[in-house]
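Read top to bottom, the protein sequences are chains R and G. Take our numbering: the last position of the first sequence gets the number 259, and nothing is skipped along the way. Take our numbering: the last position of the second sequence gets the number 259, and nothing is skipped along the way.
There are 2 protein chains.
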Amino acid sequence: MTTGPEHPARPAVVLLSGGMDSAVAAAIARDAGFSVHALSFRYGQRHAIELAAAARVARALALAQHLIVDVDLAAFGGSALTDAIAVPQDRSADEIGHGVPPTYVPARNTVFLSLALAWSEVLGARDIFIGANAIDYSGYPDCRPEYLAAFERLAQLATVAGAERGERFVIHAPLLRMSKREIVECGTAHGVDFALTRTCYAPDPSGAACGRCDACLLRLRGFAEAGLADPVAYRR
Amino acid sequence: MTTGPEHPARPAVVLLSGGMDSAVAAAIARDAGFSVHALSFRYGQRHAIELAAAARVARALALAQHLIVDVDLAAFGGSALTDAIAVPQDRSADEIGHGVPPTYVPARNTVFLSLALAWSEVLGARDIFIGANAIDYSGYPDCRPEYLAAFERLAQLATVAGAERGERFVIHAPLLRMSKREIVECGTAHGVDFALTRTCYAPDPSGAACGRCDACLLRLRGFAEAGLADPVAYRR
């Protein structure tokens with residue numbers, strides 16, 4: 024894709040959490056020639072340290088823009104990520120892969136994609152990238168291909184661009200069928216500096232990862248399987 | 024529907040803006056026997072006076088709960104309701120009924136319904152009420168029946184309740200095909216005190232309605248056609 028002045032890059036909105044998956048999704052979008060407008064949320068998460076990581080990732084990837092928007096999901100409660108519910112630790116790969124964990128935030132991807140859609144309509148973007156992954160997060164209903172396809176259909180009907188002008192929104196989930204190992208390898212190939220990312224659901228005040236929550240365990244397994252060392256600090 | 028202790032009322036989430044349409048939707052939900060959890064948003068609207076109106080309506084209808092949640096749609100810009108774009112005045116009924124007005128907030132109903140869905144999942148509610156109206160707001164793509172049906176399908180796939188347990192979410196839009204006159208009459212029949220509601224897109228600091236924006240003009244026409252006086256104060 025040409026991105027010279029005669030062919031300015033098309034804008035895309037990329038959901039950027041500060042974790043490794045969305046960093047890889049952002050790098051893929053950038054390397055596909057999009058002008059990347061990264062979107063993060065201050066949603067009442069206990070691990071707000073991820074917002075600083077998102078800003079670092081956006082700078083390192085030289086993204087066009089990074090916006091942090093407030094949306095108070097904690098007002099509803101019901102999740103270990105926003106509420107006084109314990110984050111599970113030391114679960115086996117089988118436990119992590121099955122059932123809905125308490126770290127599920129009700130309808131989170133629907134809320135985040137809706138906000139990405141709102142910004143896309145203002146920017147004139149038709150492409151939204153999300154780092155959703157159906158393999159490692161099979162317990163999250165809103166990481167499944169049929170869910171993302173339904174959101175694409177909704178976007179068509181929800182917007183002036185789609186409903187009035189017949190333009191199509193595309194929800195890109197380039198990591199959807201990748202293993203964590205493949206995500207590590209893909210990110211490395213796209214120049215992602217994983218040292219900047221933060222994955223842990225329950226980091227300590229210094230920012231060190233716990234190494235025991237589902238997110239840490241999946242991340243560590245991915246690096247191990249890729250034969251690489253995870254560059255972030257762990258408490259143990 | 025029985026609402027005694029042996030048959031506690033089923034919860035429903037109702038989007039409550041402080042305007043007349045959502046007040047009528049809330050009264051319909053309550054009178055259908057639901058325990059109504061009303062949801063309003065501080066989204067950066069210029070007419071934030073509507074939040075005080077929503078609180079008054081929730082109290083007057085003796086709703087089970089009223090929650091105001093922050094979601095910063097103004098961060099995206101692009102609408103006369105959140106931005107420094109002029110609210111149109113003195114448009115004819117034909118102008119109001121056609122095309123997308125500058126007061127359209129991109130993807131607003133998608134964002135609001137997503138947040139209602141998140142709260143529903145936490146509450147164990149399967150019913151969401153929205154005061155969307157397809158007649159007077161034909162310019163808003165996200166007030167159309169096909170849009171609401173698409174959101175219902177998405178809700179099924181987006182949630183643990185829908186995806187794992189096969190439960191159905193229902194988006195109720197009881198005002199969808201009503202004229203403003205019918206909404207006035209229906210609200211009156213359900214005991215809505217319209218004096219508590221606020222509709223104007225551009226009220227003055229005292230809270231008086233402008234009487235000239237699309238929302239005021241539609242409201243005034245509804246009362247006139249119903250042969251009733253609108254009890255709220257107008258600047259002119």
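Every residue gets a Cβ at the ideal spot worked out from N, C-alpha and C, and that includes glycine.
In chain G, which residues lie with their C-beta within 9 Å of the C-beta of residue i?
i: residue 92 (chain R); result: 94, 95, 96, 98, 99
i: residue 134 (chain R); result: 94, 134, 137, 138, 140, 141
By the criterion of Cβ-Cβ separation under 9 Å, what are the contact partners of residue i in chain R?
i: residue 176 (chain G); result: 173, 176, 177
In its own chain, which residues sit with a C-beta less than 6 Å from the C-beta of residue i, not counting the 5 before and 5 after it?
i: residue 196 (chain G); result: 153, 155, 171
i: residue 193 (chain R); result: 150
i: residue 181 (chain G); result: none
i: residue 167 (chain G); result: 157
i: residue 88 (chain R); result: 60
i: residue 221 (chain R); result: 41, 72, 73, 76
i: residue 97 (chain G); result: 67, 105
i: residue 64 (chain R); result: 92, 94
i: residue 119 (chain G); result: 237
i: residue 248 (chain R); result: 204
i: residue 136 (chain R); result: 174
Where does residue i sit, in a helix, a strand or coil, going by DSSP?
i: residue 58 (chain R); result: strand
i: residue 138 (chain R); result: helix
i: residue 51 (chain R); result: helix
i: residue 255 (chain G); result: coil
i: residue 217 (chain G); result: helix
i: residue 74 (chain R); result: helix
i: residue 34 (chain R); result: strand
i: residue 112 (chain R); result: strand
i: residue 97 (chain R); result: helix
i: residue 232 (chain R); result: strand
i: residue 227 (chain R); result: coil
i: residue 119 (chain G); result: helix
i: residue 43 (chain R); result: helix
i: residue 80 (chain G); result: helix
i: residue 211 (chain R); result: helix
i: residue 68 (chain R); result: coil
i: residue 190 (chain R); result: coil
i: residue 105 (chain R); result: coil
i: residue 167 (chain R); result: coil
i: residue 202 (chain R); result: coil
i: residue 157 (chain R); result: coil
i: residue 85 (chain R); result: coil
i: residue 245 (chain R); result: helix
i: residue 130 (chain R); result: coil
i: residue 185 (chain G); result: helix
i: residue 250 (chain G); result: coil
Return no unless some Cβ of chain R is closer than 8 Å to the Cβ of residue i.
i: residue 111 (chain G); result: no
i: residue 118 (chain G); result: no
i: residue 190 (chain G); result: no
i: residue 186 (chain G); result: yes
i: residue 25 (chain G); result: Annotation note: pLDDT 47 at residue 25 (chain G) (below 50); position unreliable, coordinate value reported separately. No, its Cβ sits nowhere closer than 8 Å to a Cβ of chain R.
Output yes if chain G places a C-beta closer than 8 Å to the C-beta of residue i; else output no.
i: residue 137 (chain R); result: yes
i: residue 224 (chain R); result: no
Identify the contact partners of residue i in chain R, using a Cβ-Cβ distance below 7 Å as the criterion.
i: residue 278 (chain G); result: What is shown of chain G runs 24 to 259, which leaves residue 278 (chain G) out entirely.
i: residue 165 (chain G); result: 181
Could you tell me which residues DSSP puts in a beta bridge with residue i?
i: residue 90 (chain R); result: R:62
i: residue 195 (chain G); result: G:152
For residue i, which residues in chain G fall below 8 Å Cβ to Cβ?
i: residue 170 (chain R); result: 177, 180, 181, 186
So is residue i in contact with chain C if we call contact Cβ pairs under 8 Å?
i: residue 257 (chain R); result: As a matter of chain content, chain C is missing from the structure shown, whose protein chains are R and G.
Please return the same chain residues whose Cβ sits closer than 8 Å to the Cβ of residue i, not counting the five positions on each side in sequence.
i: residue 144 (chain R); result: 182, 183, 184
Near residue i, which residues of its chain fall below 7 Å by C-beta distance, leaving aside the five closest residues on each side in sequence?
i: residue 257 (chain G); result: 231, 232, 234
i: residue 110 (chain G); result: 103, 126, 224, 225, 236
i: residue 213 (chain G); result: 47, 50, 51, 54
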